[in-house]
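Worksheet for the structure shown next.
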Amino acid sequence: MWSPIVALAALIRPTLSLLPIGHIGGRQWAARNAIFAAQTIMLGAAAKGIDTCPMEGFSGAKVAKLLQLPRGAVIPLVIALGYRADDARIEERWRNPISDIVVTH
Numbered sequence: 001m002w003s004p005i006v007a008l009a010a011l012i013r014p015t016l017s018l019l020p021i022g023h024i025g026g027r028q029w030a031a032r033n034a035i036f037a038a039q040t041i042m043l044g045a046a047a048k049g050i051d052t053c054p055m056e057g058f059s060g061a062k063v064a065k066l067l068q069l070p071r072g073a074v075i076p077l078v079i080a081l082g083y084r085a086d087d088a089r090i091e092e093r094w095r096n097p098i099s100d101i102v103v104t105h
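Just so it is clear: in the sequence shown, position 29 is 29 by UniProt numbering, and no numbers are missing.
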C-alpha cells in the first residue's frame, strides 16, 4: 500500500530541496539565483566593450557594511567591471574542439 506513496515522494523530494523554505533557505535561494543576474550584467557589459571579472571569497558582511546595506543582506559574489588597459598583457585564448567536448551517439 505504501509503495506508490514512497515512489511519489522520491520523485518530489529533489524538487522540494530547491524551495526557499525558512530564513536560511531563502538566503541560499537568493544566492543561487543571483548568478543569473550576474550573467546578464556580464553579457551586457561585454556587449558594450567592458571587461568583467566575477569574484568570490570575500567577506560579505564587510561589503554589506561598506555599501550600507541592511543587516542580513546576501552578497554571493562581486563583479569587477572596467575597460582593459591599452598595454594589457592578455594571453592568447584557445578552445578545445567541440568534438572533444560533445559526444553524440
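Glycine included, every Cβ here is placed at the ideal spot set by N, Cα and C.
Coarse secondary structure for residue i, derived from DSSP in three states
| i | result |
| --- | --- |
| aspartate 87 | coil |
| alanine 38 | helix |
| leucine 77 | coil |
| proline 97 | coil |
| proline 70 | coil |
| glycine 82 | strand |
Within 9 Å, strictly: CB atoms of residue i and residue j
| i | j | result |
| --- | --- | --- |
| proline 76 | glutamate 91 | no |
| isoleucine 50 | tyrosine 83 | yes |
| threonine 104 | leucine 81 | no |
Residues near residue i in its chain [Cβ-Cβ closer than 7 Å; skip 5 each side]
| i | result |
| --- | --- |
| valine 78 | Met55, Phe58, Val63 |
Residues near residue i by beta carbon distance below 6 Å, same chain, minus five either side
| i | result |
| --- | --- |
| alanine 31 | Val74, Pro76 |
8 Å CB neighbourhood of residue i in its chain, flanking five on each side removed
| i | result |
| --- | --- |
| alanine 38 | Pro54, Leu77, Ile79 |
| glycine 60 | Ala73, Val74, Ile75, Pro76 |
heavy atom of the ligand GTP below 8 Å from residue i C-beta
| i | result |
| --- | --- |
| glutamine 68 | Ligands are entirely absent from the displayed structure, and the ligand GTP is therefore not among its contents. |
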